[in-house]
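Trainee: The structure follows.
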Amino acid sequence: MSEPRVVLRIALPAPHPEPFDYLPPTGLPEGAAQPGMRVRVPFGRRHAIGLIWACATGSRLPRERLKPVGELLDDTPLLDDELLGLAQGIATYYHQPPGLVAAMMLPVALRQGRRDAHDSVAETSPVVDMDRTSPPALNADQQAAVDAIAGAIGGFQVFLLEGVTGSGKTEVYLRLIERLAARNQQALVLAPEIGLVPQLAARIGGRLGRPPALLHSALGERARLDAWRAARNGEAGVVLGTRSALFAPLPQPGIIIVDEEHDLAYKQQDGVRYHARDVAILRARRLGVPVVLGSATPSLESLHNTVRGRYRLLRLPQRAGLARAPSVSVIDLRARRLDAGLSETLCERIGEHLAADGQVLVFHNRRGYAPTLLCHGCGWVARCTRCDARLVWHQASSALHCHHCDARRARPEVCPDCGSSALRALGAGTERLAQTLAARFPAANAARVDRDSTRRRGALPALLDGAQRGEHRLLIGTQMIAKGHDFPAVTLAAIVDADHGLYSADFRAGERMAQLIVQVAGRAGRAERAGELILQTHHPDHPQLRLLLDAGYARYAEAALAERRTAQMPPYSHLALLHAECTRPEPAQQFLAAARRAGEALSVKGVDWYGPMAAPMEKRAGRYRAHLLLQATRRQDLQTLLGLWVSGLYALPEARRTRFALDVDPMEL
Ligand code: ADP
Ligand code: ZN
Ligand code: ZN
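Structure below.
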């Protein structure tokens with residue numbers, strides 16, 4: 005028998021820049037092992053499950069050093085050509101290890117090597133018939149949007165659907181999904197957060213008469229596998245989920261919809277670093293289907309792409325139905341007395357709305373009771389020993405929490421430095437706000453909605469449900485309540501502290517703040533009754549804030565883009581961040597310095613280097629973190645450099661003493 009000529013390139017779940025070369029399994033006909041199938045291979049002293057990434061005809065290693073694959077786990081490819089090509093596209097553009105990308109694209113159960121991947125019918129198959137709701141008549145803007153997108157079905161095109169909150173974007177999605185369902189074509193719908201999925205699932209299910217297949221991390225492995233299979237065999241007409249749903253198989257692809265496209269949650273910040281919105285566009289292009297990016301506050305990147313003619317802009321400038329845009333007022337906090345961060349004026353307005361039978365939403369982006377515990381005797385402040393951060397006092401759990409590493413400590417009885425018992429809670433988080441407001445408005449049945457109050461399974465749906473039914477007339481919460489939820493009875497939305505973000509070091513902070521303000525405003529006045537937004541700030545004349553409030557998000561975004569152009573920041577330049585961390589500060593810095601030397605030696609033109617520098621919070625969870633930033637005016641220059649540079653990083657001697665990760669198009673610096 006002649007020796008097999010084929011070499012299999014296997015993606016193994018290891019932080020390694022290349023797939024590993026193996027020989028085909030012995031005893032099987034040549035060609036039995038195909039790309040996209042899983043294999044079990046000897047790896048070091050153990051075995052590992054991997055995916056055939058590609059078939060090659062040779063290897064850089066001498067043939068006698070190659071081992072044969074131990075076992076072929078699939079008889080047809082688990083990742084079809086399309087998904088495997090997408091995986092390769094992600095690995096190439098983001099310069100991520102192929103094995104980690106391949107693992108990310110499979111449901112957990114299949115990553116671990118389960119063999120029954122190809123069951124044609126799911127055991128508990130996402131087919132209950134539901135009562136169907138009838139659609140409202142579309143307004144002219146909605147109709148124009150539906151027509152434009154429907155006209156593009158069958159080919160690739162990117163649409164940015166910019167619609168103020170409550171303008172009926174979801175209704176546009178529903179019409180498109182209905183049309184595709186009639187043609188037996190699948191829709192893939194992404195939401196940024198698990199909390200937004202149930203409401204969207206109910207609306208889609210109500211319209212189609214069958215619930216969509218759900219894919220997100222709060223589901224059990226079994227449920228996820230079933231949904232994945234239902235997508236794969238075409239039984240699922242709609243696949244809905246958070247960013248991991250992006251990798252569902254779509255044998256009859258019709259459209260991809262990315263709701264709240266501006267949301268930071270689409271960026272995966274650990275493991276494989278990728279942006280689900282951008283990968284959705286990549287996938288739509290490869291599938292030849294339209295992709296719809298929806299938002300009331302589009303990212304500056306997407307707006308810039310409409311200006312360049314790459315995306316087509318569709319606007320829904322008016323609220324659907326009877327709802328009107330909320331009125332806005334600003335409370336100047338300078339020199340005012342505050343109670344838990346609340347001015348008397350704001351409390352009075354809350355009282356008026358409650359008295360008029362309204363519902364009030366108070367937004368504040370800090371959890372816990374107080375962000376600082378201070379000794380009045382000596383100035384000692386409670387700090388995390390593992391992070392460069394203060395500990396937050398949580399009264400409900402009577403402990404000090406670190407919001408960065410999750411460490412918990414008992415609150416000391418007396419100051420550990422001077423023994424004084426005068427320990428003061430400074431500042432206010434949602435817990436303190438909720439307590440203060442509940443005491444002042446006992447009849448409103450105040451509810452707090454944040455990560456702490458919703459930790460228990462089922463707690464968030466119960467709170468949202470209670471809020472929707474008007475049981476809680478006062479809601480205090482973090483971004484959890486700012487995003488996407490439809491509370492028809494809210495008449496007043498208040499932002500306790502709008503200053504955060506106005507003077508932050510991150511160049512995207514202003515954009516984030518503007519998006520948040522508009523999203524919070526969007527919670528008010530979604531039904532017949534007019535809504536009001538009140539914003540507290542120490543900087544009522546801040547030019548960007550004024551522009552946003554007086555002229556609206558679109559004008560704000562134009563000005564912000566002009567500033568980005570002047571500063572040559574994204575989207576007018578392209579960034580990559582090499583991140584390193586270690587239990588001591590030096591190894592991370594030394595690795596990055598060596599990485600920079602290696603990169604500069606490649607002499608690729610058009611790339612500027614900044615760093616190594618300590619990360620904004622240098623110490624986190626016991627590790628010292630540092631960055632090296634690369635910037636290029638032309639994306640191609642950056643990609644050329646990365647292509648020559650990244651795989652060599654793994655071989656640097658300094659790499660052995662530190663963890664590192666590359667982030668292409670980083671969203672946070
Ligand atoms: P968005 O997704 O833009 O926030 P939705 O699609 O959720 O907006 O619509 C907001 C509200 O208006 C929903 O209650 C929806 O049922 C209703 N709605 C949407 N389109 C229309 C329409 N054309 N006529 C009447 N009501 C509508
Ligand atoms: Zn003290
Ligand atoms: Zn910590």
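Numbering-wise (the numbering used here), the sequence shown opens with residue 5 and increments by one. Just so you know, even glycine gets a beta-carbon here, dropped at the ideal spot from N, CA and C.
#1: Taking buried to mean at least 16 other C-beta atoms within 10 Å of its own C-beta, is E417 buried or exposed?
#2: Once DSSP output is grouped into helix, strand and coil, what is the label at R44?
#3: Cα-Cα, which of L65, Y654, V650, V668 is closest to A636?
#4: To the nearest angstrom, how far is the alpha carbon of P255 from that of A235?
#5: Answer yes or no: do L218 and P302 have a C-beta to C-beta separation smaller than 7 Å?
#6: Leaving out five residues before and five after A414 in sequence, what residues of the same chain have Cβ atoms less than 7 Å from its Cβ?
#7: Express the C-alpha separation of P215 and G3 in angstroms, rounding to a whole number.
#8: Tell whether a beta-carbon distance below 7 Å holds between H578 and R516.
#9: Checking the sheet assignment: what are the DSSP bridge partners for R627?
#10: Please report the straight-line C-alpha distance between V296 and D263, rounded to a whole angstrom.
#11: Do you know offhand how far A443's Cα is from N369's?
#12: Quick check on R319: does DSSP put it in helix, strand or coil?
#13: Whose C-alpha, out of P375, M484, D336, is nearest the C-alpha of G431?
#14: Straight-line CA distance for S138 to V293?
#15: Would you call P616 buried or exposed, if buried means 16 or more other Cβ atoms sit within 10 Å of its Cβ?
#16: Taking all protein chains shown into account, do 16 or more other C-beta atoms lie within 10 angstroms of the C-beta of S299, making it buried, or fewer, making it exposed?
#17: For ligand 1, any of its heavy atoms closer than 6 Å to the Cβ of E175?
#18: Compute the beta-carbon to beta-carbon distance between V366 and V500, rounded to the nearest angstrom, for a pair I have assumed lies under 8 Å.
#19: Which residues count as close to ligand 3 when the rule is a CB under 5 Å from any of its heavy atoms, in chain order?
#20: Does the distance from the CB of C379 to the CB of C406 come in under 7 Å?
#21: Got a sec? Which residues, its chain only, sit under 7 Å from A126 by beta carbon, not counting five neighbours each side?
#22: Quick one: does the C-beta of P140 sit closer than 6 Å to a heavy atom of ligand 1?
#23: Pull up the distance between the alpha-carbon of L184 and that of G610, whole angstroms please.
#24: How is Y614 classed by DSSP in three states: helix, strand or coil?
#25: Check each candidate in A429, R390, V162, E352 and name the one with the smallest Cα separation from I538.
#26: Would DSSP call F24 helix, strand or coil?
#27: So for F595, helix, strand or coil by DSSP?
Mentor: The structure says:
#1: Counting from one through the sequence shown, the residue named residue 417 turns up at place 413. Residue environment for E417: exposed (fewer than 16 other C-beta atoms within 10 angstroms of its C-beta).
#2: In the sequence shown, counting from the first residue as 1, residue 44 sits at position 40. R44: strand per DSSP, three-state reduction.
#3: Looking up residue 636 in the sequence shown gives position 632. Of the listed residues, the one whose Cα sits closest to A636 is V668.
#4: Position 251 of the sequence shown holds residue 255. Position 231 of the sequence shown holds residue 235. Cα-Cα distance, rounded: 8 Å.
#5: By 1-based counting over the sequence shown, the position of residue 218 is 214. By 1-based counting over the sequence shown, the position of residue 302 is 298. No; because the gap between Cβ atoms is not below 7 Å, this pair is not in contact.
#6: Translated into positions along the sequence shown, residue 414 becomes position 410. Counting only Cβ-Cβ distances below 7 Å, and skipping sequence neighbours, we find A403.
#7: Not covered by the structure: residue 3. The range shown for the chain is 5 to 673.
#8: Locating residue 578 in the sequence shown gives position 574, counting from the first residue. Locating residue 516 in the sequence shown gives position 512, counting from the first residue. Not in contact: H578 and R516 (Cβ atoms no closer than 7 Å).
#9: Position 623 of the sequence shown, counting from 1, holds the residue named residue 627. Its beta-bridge partners are R624.
#10: Taking the sequence shown and counting its residues from 1, one reaches residue 296 at position 292. Taking the sequence shown and counting its residues from 1, one reaches residue 263 at position 259. So the two alpha carbons sit approximately 8 Å from each other.
#11: Within the sequence shown, the letter at position 439 stands for residue 443. Within the sequence shown, the letter at position 365 stands for residue 369. Going by the C-alpha atoms only, they are around 21 Å apart.
#12: To locate residue 319, count along the sequence shown from 1; it is residue 315. In the three-state scheme derived from DSSP, where H, G and I count as helix and E and B as strand, R319 is classed as strand.
#13: Mapped onto the sequence shown, residue 431 falls at position 427. With respect to the C-alpha of G431, the residue from P375, M484, D336 having the closest C-alpha is P375.
#14: Stepping through the sequence shown from its first residue, residue 138 is reached at position 134. Stepping through the sequence shown from its first residue, residue 293 is reached at position 289. If I take the Cα positions, the gap works out to 27 Å.
#15: Translated into the one-based positions of the sequence shown, residue 616 becomes position 612. Buried, because 16 or more other Cβ atoms sit within 10 Å of the Cβ of P616.
#16: Position 295 of the sequence shown holds residue 299. S299 comes out buried.
#17: Within the sequence shown, residue 175 is the residue found at index 171, counting from 1. Yes - ligand 1 has a heavy atom lying nearer than 6 Å to the Cβ of E175.
#18: Position 362 of the sequence shown, counting from 1, holds the residue named residue 366. Position 496 of the sequence shown, counting from 1, holds the residue named residue 500. Correct: roughly 6 Å between the Cβ atoms.
#19: Every residue passing the under-5 Å Cβ criterion appears here: C388, R390, C391, C406, H408, C409, A411.
#20: Position 375 of the sequence shown, counting from 1, holds the residue named residue 379. Position 402 of the sequence shown, counting from 1, holds the residue named residue 406. Not in contact: C379 and C406 (Cβ atoms no closer than 7 Å).
#21: For the purposes of this step, residue 126 is identified with residue 122 of the sequence shown, where counting begins at 1. Per-residue confidence for A126 stands at a pLDDT of 45, beneath the threshold of 50, marking its modelled position as unreliable; the derived number appears in the next sentence. So the qualifying residues of the chain are D230, R233, A234.
#22: To locate residue 140, count along the sequence shown from 1; it is residue 136. Because some heavy atom of ligand 1 lies under 6 Å away, the Cβ of P140 counts as near it: yes.
#23: For the purposes of this step, residue 184 is identified with residue 180 of the sequence shown, where counting begins at 1. For the purposes of this step, residue 610 is identified with residue 606 of the sequence shown, where counting begins at 1. Between the C-alpha atoms of L184 and G610 there is a straight-line separation of about 45 Å.
#24: Start at 1 with the first residue of the sequence shown, and residue 614 comes out as number 610. In this structure, Y614 counts as strand in the three-state DSSP scheme.
#25: Residue 538 sits at position 534 when you count from the first residue of the sequence shown. Just measuring C-alpha positions, the residue of A429, R390, V162, E352 sitting nearest I538 is E352.
#26: The residue given as residue 24 occupies position 20 in the sequence shown. Looking at F24 - three-state DSSP - the assignment turns out to be strand.
#27: In the sequence shown, counting from the first residue as 1, residue 595 sits at position 591. Helix, per DSSP.
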